[in-house]
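Asks: Here the sequence shown stands for residues 28 to 276, where the numbers follow this note's numbering.
The beta carbon of each residue, even a glycine, is placed where N, CA and C say it ideally should be.
Below is one structure. I have some questions about it.
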Amino acid sequence: MFQDYKVVITGATSGIGLATARLFIREGATVIGIGRNFSKTKELGDQFIPYTCDVRNADEIVKTCEFIKDTFDNELDIFVNNAGFGENTTIRDVTVDQFDRCFSLLLRAPMLFAKELYPLLLNAPKNNATIINTASAASRTVSSENPLYNLAKNAVVLYTKQQAQGFIGVRCNSVSPGFIQTPIFQREGVNMEENAVLAMYDQMAKVTCGRTGKPEEVADLIAFLASTDAQYINGADVLIDGGLMTVSN
């Protein structure tokens, strides 16, 4: 499906990003995977090109995009913006540092990457250029334990629509996962206060599919949105939450 496609994925070293890289490579693409710990990517072989970048650092993003331009000969088919984490705090206690860390990663980084990579996407050799942002089901609700994450992901959804309007010639969509079995999700549970953990499990119990999701299921959705089967989908946010939002709102 993606034979000879040129793909860039941020947050490609675990969870949804790793599952997405694995899928694209299996379908014939070459993937530049951006992250910091590549211990889990050795299985992906020569079609996976690792590149270390702290995406909260604007200068590093520019440097990374230069590497992408040189490696892919100024061409790019698919950009998947997936890097992310949350800040456990309340809206009353949030600090400037927490705000800056969260929004520099979840909103500023996607904006800077997209700005730098847009000219490459216009040169997409397969004539099916697309940007896919990982948002979150959390973008559609409020949180007492992790409000910055919800706010930032809500901004990602709106930014995706701005991309679809402004990045002419490139389809731009977002996916909004619910509870997915990823390392970040597991770490968040460990770091949360007991009452917050109980609240999270109460939310999980509302998933009408009766289980948490798998990274591979989100990767399948991303691949569909990147495929020629989705050429008339642009500016959409696609929820993949097992039905959580049907009972949470």
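1) For residue 158, does the three-state DSSP call read helix, strand or coil?
2) Starting from residue 107, trace the alpha helix (DSSP H) in both directions and tell me its first and last residue.
3) Which residues in the same chain have their Cβ closer than 6 Å to the Cβ of residue 83, if we skip the five residues on either side of it in sequence?
4) Going by C-alpha to C-alpha distance, which of 45, 120 and 168 sits closest to residue 69?
5) With a threshold of 8 Å on Cβ separation, who are the neighbours of residue 221 within its own chain once the five nearest residues in sequence on each side are excluded?
6) On a CA-only basis, which of 100, 97 and 163 is nearest residue 113? Give me that one, please.
7) Tell me the DSSP secondary structure of residue 92 in three-state form.
8) What does the Cβ neighbour count give for residue 259, buried or exposed, with the cut at 16 atoms within 10 Å?
9) Please give me, in chain order, every unbroken run of the beta strand (DSSP E) with length at least 3 that falls completely inside the segment 61 to 93.
10) Quick one: what does DSSP say residue 195 is sitting in, helix, strand or coil?
11) Excluding the five sequence neighbours on either side, which residues of its own chain have a C-beta within less than 8 Å of the C-beta of residue 63, listed in chain order?
12) Quickly, what does DSSP pair residue 37 with across the bridge? List them, please.
13) Would residue 33 and residue 102 qualify as a contact pair, given that the criterion is a beta-carbon distance under 7 Å?
14) Could you spell out the range, first to last residue, of the alpha helix (DSSP H) harbouring residue 247?
Replies: Quick answer:
1) strand
2) Residue 107 -> not in any alpha helix (DSSP H); beta strand (DSSP E) instead, spanning 105 to 108.
3) 131 and 132
4) 45
5) Note that residue 221 has pLDDT 48, beneath the 50 cutoff, so the model's placement of it is unreliable and no number is given.
6) 163
7) helix
8) exposed
9) 75 to 79
10) coil
11) 40, 79, 80 and 81
12) 61
13) yes
14) 242 to 253
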